[in-house]
Structure formats: C-alpha cells, structure tokens
Amino acid sequence: AHLARIDAVDEKVHAFLYVDREGALAVARAVDAKRDAGERLGPLAGVPLALKDIFTTKDMPTTVGSKILEGWVPPYDATLTQKLRAADVVILGKTNMDEFAMGSSTENSAYGPTGNPWDLTRIPGGSGGGSSAALASYEAPLAIGTDTGGSIRQPASMTGTVGVKPTYGGVSRYGMVAFSSSLDQGGPCARTVLDAALLHEVIAGHDPMDSTSIDAPVPPVVEAARNGSVEGMRVGVVKQFAGEGYQAGVVQRFNESVELLKSLGATIVELDCPSFDLALSAYYLIAPSECSSNLARFDAMRYGLRVGDDGTKSAEEVTALTREAGFGDEVKRRVILGTYALSSGYYDAYYGSAQKVRTLITRDFEKAFEQVDVIVSPTTPTTAFPIGERADDPMAMYLADLCTIPTNLAGNSAMSLPCGLAPEDGLPVGLQIIAPAMKDDRLYKVGAAVE
Ligand code: GLN
Numbered sequence: 032a033h034l035a036r037i038d039a040v041d042e043k044v045h046a047f048l049y050v051d052r053e054g055a056l057a058v059a060r061a062v063d064a065k066r067d068a069g070e071r072l073g074p075l076a077g078v079p080l081a082l083k084d085i086f087t088t089k090d091m092p093t094t095v096g097s098k099i100l101e102g103w104v105p106p107y108d109a110t111l112t113q114k115l116r117a118a119d120v121v122i123l124g125k126t127n128m129d130e131f132a133m134g135s136s137t138e139n140s141a142y143g144p145t146g147n148p149w150d151l152t153r154i155p156g157g158s159g160g161g162s163s164a165a166l167a168s169y170e171a172p173l174a175i176g177t178d179t180g181g182s183i184r185q186p187a188s189m190t191g192t193v194g195v196k197p198t199y200g201g202v203s204r205y206g207m208v209a210f211s212s213s214l215d216q217g218g219p220c221a222r223t224v225l226d227a228a229l230l231h232e233v234i235a236g237h238d239p240m241d242s243t244s245i246d247a248p249v250p251p252v253v254e255a256a257r258n259g260s261v262e263g264m265r266v267g268v269v270k271q272f273a274g275e276g277y278q279a280g281v282v283q284r285f286n287e288s289v290e291l292l293k294s295l296g297a298t299i300v301e302l303d304c305p306s307f308d309l310a311l312s313a314y315y316l317i318a319p320s321e322c323s324s325n326l327a328r329f330d331a332m333r334y335g336l337r338v339g340d341d342g343t344k345s346a347e348e349v350t351a352l353t354r355e356a357g358f359g360d361e362v363k364r365r366v367i368l369g370t371y372a373l374s375s376g377y378y379d380a381y382y383g384s385a386q387k388v389r390t391l392i393t394r395d396f397e398k399a400f401e402q403v404d405v406i407v408s409p410t411t412p413t414t415a416f417p418i419g420e421r422a423d424d425p426m427a428m429y430l431a432d433l434c435t436i437p438t439n440l441a442g443n444s445a446m447s448l449p450c451g452l453a454p455e456d457g458l459p460v461g462l463q464i465i466a467p468a469m470k471d472d473r474l475y476k477v478g479a480a481v482e
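Heads up: take any position in the sequence shown, counting from 1, add 31, and you land on UniProt numbering.
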C-alpha cells in the first residue's frame, strides 16, 4: 500500500531519492513467512520506514543529497540501519535532504527540492525535508532524520509531524555521514508521539563503534509515551525564544499550548537564558569548522565522483576539479568559512570563542533545569515559506533554526510536535519540548499529554 502511495504522489512531493521496491517487498514477505512459521518477530515487524539518505545502506545508494556521492553504494550498513533490519522494519527507500544536511529547506539537495505536502509550492523544512514530507504525505508511517541544528525538529514543525532529537550520544553515529560530529544526532520521525517512541527505542542504545555513544540504558520512552501527563510538572518558557521575527500565528498557537499545559496541571516558570542569543553565531562557526574537516575525505580518490582523471593531471588537480563539480554552493560556503575559522591565528578568535559560548549555553540549560522539568518554545519562528524565498539569503535561512540550535550545542534532547495551524496561512505550527540529557522520556511524557 505504501509503495502504491509513493507511485501516486512522489512524482509531485519528491520525498524519495531512491525507492527499493524489490527489497521492501522481499523483507515484507520474509516477515510474513516468519510469522506464519510461528517465529519470533522484531518489535517493528513489517512496518515501512523512510530512511534519510545520510545513513549507509549496503543494498542501496547513499548520496547524502550530493553529486559527489552519486551512485555510491556503501560496503556496510550504519548501526542504525542494522538495528532497523534487526527489528524487521521494511525500509522503503532513501529520502531527499539538503546536501550533507546543510540547510533548512531541502532546496540545497543536488537532486532538486522536496515539496511540502500541505502546499507543494512551499518548503518542507530541512535538512530532513524528505523524511518529514514522506510522513505528511502518507508515503511512510515512520522515518529517520538527523539533527545537527534542527534538521529533525524544524521539518517536523513545517509538515505537522513529530520529530525527536535524542540526547547527543543516544543513537549511534556509526555509518551516518558526518557533517558536524560534535552536534550530529540521528533520531525518530513519525506522525504520533507513541510511534516516535516505538522507533526511538529500536534505534537507540550504546554502540562500541561510535566513540561518543553513551553507555547507559535507553530512557524509558515508550512507557512515557503511553502515560502522558504534566500533572505537577514545572515547565519553563524562555524569554529569549520570542520577539521580532516570530509570526503572529505561531506565537498564538504557542501561547495556547502554554495555556493547555497549565490546564493539565503544569506550573509555568519564566526563564532567562541570555547566552541563547549567541547560539546561532556560535553554531555557524562550529558547524562549518567541523564540516570543513569532515568533508576533506571527499577527495575523488576514495568515493564516488572523479572529474578530470585523464592521465595529464596531478592528484591535487583531480581532487580540486572533483570538489568544484561535486559540491553545491552551500557546502562550498561552509567549507570556506570553516577553513578560515580554523586557520592559524584565527582559531582563538573564532572557533575558540564559539566553544566558550557553547559552554555558556550549556550552563544556561543547567541553571534552567534546576528550576524546571522541561522547557517549551515554538520549534521555528515561522510556518513553511515558499520554495525560493530564502534561497539567495543564507542569513534568512539560518534564522529558521533559532530555537532548535541551543539544544544541539548543549547536547540535550528535544521534540517537535504539531500544535495546530497558523490562522493566517493554515499551515502547521510546531511546539518544541526540551529536556535534559538522558531524560528523553520526559519529552514523550509531555508530548503525549498535549498531543
Ligand atoms: N539548518 C541547519 C544548518 O544548515 C541545521 C542542519 C541540520 O540540523 N543538519 O546547518
């Protein structure tokens, strides 16, 4: 049924870069056979899923939305891919994304944009717009995203779906193509809070193949999602997540959510997190710096594309020609910014300062979580904008992640879930819930209560 739905709508939505029809049907049939034989089934047996094209899959191409990896079929499965297979999930295919997960609209994909199923002339958010659009268009009931600065939560908000950025280290990064290693985190996307929890439980857990993976039990997310409540909880509202640039309808729906939390027994506490104002600036030094280092491996020798290898050019020339042809504008902009910020003499002024701001943001969160159990905010300041509107204005694009980035810098957990439609444009608004590190279960407890 989901393959038929993809056939019917994906030409317009363009959520998928690759659909593995044969593979998906083979897994579905194998699950049926196992069930008929009375064998033990995995926890998500037979459930179709759309996988962001940033996770390696040994039977499907992995492009990361880039020309530089066009047609590359990895020799191994990411840990997350292995876990999905072990849970008997049916992987339908790979979803569209901003190239190397750099963007907030999926317009930076080398393979063309994805449409927002609510209005195909608008962006579905990014970088994981393909995964969220697949959910919103009923092409898949579950999807996987990655969140470096908001790429799970912001698309969830734009498409009226649920997305969770687990605690940093909660889901393995092994086989997840690196953008900014100290920020990148894979996580679940779904249409309901409980569905997200069921997927979260399957993909999370310690992995010795990832040196930053947390060696601790997975927070009890499913139990929390089944027992939604905010009774007696203290919920923070951060002063800095408001003001200029926030669309009226977004603010209205957010305020209604705060009222709902109160009526369900939560106490609202106003919080001051002054360092949050610096988060965007710190992020746009740290993320490009780490990306300039991570993307050095795309040298035309090891993977994918190779341009100009005609026997007359040096290896350096082939590398340069390949990167020139293989990377898009945003990726080049970040590599240049990052290389500059890391240059000798500039390191302390830029990267070093950004790391200090990062510590201040972490302290703001620590202080906040002494006073409250969770924090709430709009996920993103506006609803989905028209395709093309911010394409030539990187600053306007970067502002889409104003409310999501502090959590990545501090490494704690956050969810976006729908909280109604903005009256002025009828488009979905996202409510963000933020919890301390390794307290991901609180997101689900609160999310299930207000869903
Ligand atoms: N939009 C942000 C960026 O462009 C975040 C991306 C992400 O979370 N992968 O870097």
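Using N, Cα and C, we set each Cβ at its ideal position, and we do this for glycine too.
Burial state of residue i (16 or more Cβ within 10 Å)
i: Glu130; result: buried
i: Met332; result: exposed
i: Met426; result: exposed
i: Pro454; result: exposed
i: Gln278; result: buried
i: Glu275; result: exposed
i: Asn258; result: exposed
i: Tyr378; result: exposed
i: Ser374; result: exposed
i: Gly176; result: buried
i: Lys293; result: exposed
i: Leu56; result: exposed
i: Ser242; result: exposed
i: Ile367; result: exposed
i: Asp423; result: exposed
i: Arg222; result: buried
i: Met240; result: exposed
i: Asn443; result: buried
Inter-residue Cα distance where the pair is residue i and residue j
i: Lys344; j: Phe358; result: 20 Å
i: Ser384; j: Leu440; result: 13 Å
i: Asp38; j: Ala81; result: 14 Å
i: Asp108; j: Val362; result: 25 Å
i: Arg204; j: Val252; result: 20 Å
i: Leu336; j: Lys476; result: 46 Å
i: Val120; j: Arg60; result: 12 Å
i: Gly73; j: Gly342; result: 52 Å
i: residue 484; j: Ala318; result: Residue coverage of the chain in this structure runs from 32 to 482, which leaves residue 484 outside it and unanswerable.
i: Gly102; j: Pro148; result: 27 Å
i: Arg116; j: Lys270; result: 43 Å
i: Pro467; j: Thr126; result: 30 Å
i: Tyr199; j: Thr435; result: 14 Å
i: Asp330; j: Ala64; result: 45 Å
i: Ala313; j: Ser320; result: 11 Å
i: Leu291; j: Leu173; result: 27 Å
i: Val249; j: Gly339; result: 48 Å
i: Glu262; j: Leu448; result: 19 Å
i: Glu347; j: Pro92; result: 27 Å
i: Lys387; j: Pro305; result: 14 Å
i: Arg354; j: Gln185; result: 29 Å
i: Ala165; j: Gly156; result: 12 Å
i: Arg394; j: Val202; result: 24 Å
i: Ala415; j: Glu53; result: 34 Å
i: Gly96; j: Thr350; result: 19 Å
Residue closest to residue i, alpha-carbon to alpha-carbon, out of the options
i: Gly159; options: Gly419, Gly146, Asp150; result: Gly146
i: Ala399; options: Asp330, Gly419, Phe307, Pro251; result: Phe307
i: Gly143; options: Gly124, Lys98, Lys114, Ala171; result: Lys98
i: residue 504; options: Tyr315, Gly274, Trp103, Ala431; result: Because the chain in this structure spans residues 32 to 482, residue 504 falls outside the shown range and cannot be described.
i: Asp303; options: Thr390, Gly259, Gln402; result: Gln402
i: Glu170; options: Gln271, Pro79, Pro305, Leu474; result: Pro79
i: Gly419; options: Arg365, Thr137, Val58; result: Thr137
i: Ser162; options: Asp456, Val193, Arg394, Arg153; result: Val193
i: Val208; options: Ala327, Leu115, Gly69; result: Ala327
i: Arg421; options: Gln185, Thr93, Arg153, Val95; result: Arg153
i: Gly134; options: Phe210, Asn443, Ala64; result: Phe210
i: Glu42; options: Leu151, Asp67, Gly296, Ile183; result: Leu151
i: Leu391; options: Glu482, Thr438, Asp432; result: Thr438
i: Gly181; options: Ala132, Val460, His237, Arg394; result: Ala132
i: Gly124; options: Ala141, Gln463, Thr94, Arg66; result: Thr94
i: Leu452; options: Met469, Gln216, Gly280; result: Gly280
i: Ile234; options: Leu111, Glu301, Lys89, Ala187; result: Leu111
Short CB-CB distance (under 8 Å) between residue i and chain D
i: Leu452; result: In the structure shown, chain D does not exist; there is a single protein chain.
Worksheet item: Which ranges would you report for the beta strand (DSSP E) in the segment 112–182 if only whole runs of at least 3 residues count?
Response: Fully enclosed beta strand (DSSP E) runs of 3 or longer: 121–126, 173–177.
Worksheet entry | Any alpha helix (DSSP H) of 4 or more consecutive residues that is wholly inside the segment 318–367 | Counting only unbroken stretches of 4 or more residues, the alpha helix (DSSP H) elements lying wholly within the segment 318–367 are 346–357, in sequence order.
Practice prompt. May I have a chain-ordered list of the alpha helix (DSSP H) segments no shorter than 4 residues that lie completely inside the segment 391–441?
Written response: Segments of the alpha helix (DSSP H) lying fully in the segment 391–441: 425–429, 436–441.
Discussion item. I'd like the ranges of any alpha helix (DSSP H) spanning at least 4 consecutive residues and lying wholly in the segment 241–269.
Written reply: Fully enclosed alpha helix (DSSP H) runs of 4 or longer: 252–257.
Discussion item. My parser needs the alpha helix (DSSP H) runs of 4 or more residues fully inside the segment 46–104; what are they?
Written reply: Positions of the alpha helix (DSSP H) runs, each at least 4 residues long and wholly inside the segment 46–104, are given as 52–67 in order along the chain.
Worksheet item: Of all the beta strand (DSSP E) runs that stay within the bounds of the segment 177–236, which reach a length of 3 or more residues?
Response: Taken in chain order, the whole beta strand (DSSP E) runs of length 3 or more contained in the segment 177–236 are 193–196, 217–221.
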